[in-house]
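Colleague: Residue numbers (the working numbering): 1 to 142.
Rendered as structure tokens:
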């Protein structure tokens with residue numbers, strides 16, 4: 001019997017509409033439907049870009065999936081929709097949930113990791129908590 005290939009993925013989570021509620025719902029869905037390896041603590045961050053909105057709750061998760069990257073990205077969009085995400089005219093505007101693939105099988109695939117502290121901070125924290133590294137970096141100490 002051939003083993004089904006598994007991929008390890010780091011997901012960035014962000015919410016600023018009923019953030020505690022939507023964060024808990026996202027964790028419940030992703031824990032039930034994926035193999036949750038580790039999660040960072042949630043941190044409050046000021047909005048970037050459009051400023052006239054509430055602060056965000058941001059975190060990162062490490063999950064395993066047997067889906068391809070494109071299929072998993074589509075799955076995350078579906079989870080966002082289940083949580084009431086509506087994509088409005090302001091790209092950096094308020095949202096019930098934003099789920100982005102930051103790293104896939106140890107390689108950064110989202111430039112947001114290098115550009116935004118609200119992405120990098122939680123990702124680095126979850127990497128340290130499970131002794132992982134990205135793209136040839138040494139594992140960080142917790």
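Built from N, CA and C at the ideal position, the CB exists for glycine as well.
#1: Alpha carbons only, please: which of 82, 17, 91, 33 is nearest the one belonging to residue 66?
#2: To the nearest whole angstrom, what separates the beta carbons of residue 63 and residue 102, a pair I think is in contact under 8 Å?
#3: Kindly give me the distance between the Cβ atoms of residue 61 and residue 13, rounded to whole angstroms, as I take these residues to be in contact under 8 Å.
#4: Could you round the C-beta distance between residue 84 and residue 96 to whole angstroms and report it? I think they count as a contact, below 8 Å.
#5: Tell me the rounded alpha-carbon separation between residue 105 and residue 7.
#6: Among 123, 118, 72, 90, which has the Cα closest to the Cα of residue 46?
#7: Whole angstroms is fine: what's the gap from residue 73's alpha carbon to residue 112's?
#8: Taking only the alpha-carbon atoms, compute the straight-line gap between residue 50 and residue 127 and give it to the nearest angstrom.
#9: Who are the Cβ neighbours of residue 16 in its own chain at under 8 Å, not counting the five residues just before and after it?
#10: By the three-class DSSP mapping on this structure, what secondary structure does residue 72 have?
Modeller: Here's the rundown:
#1: 33
#2: Between residue 102 and residue 63 the Cβ distance is about 11 Å, and since that is not below 8 Å, they are no contact.
#3: 7 Å
#4: 4 Å
#5: 6 Å
#6: 118
#7: 16 Å
#8: 29 Å
#9: 47, 53, 54, 55, 56, 57, 94, 95
#10: helix
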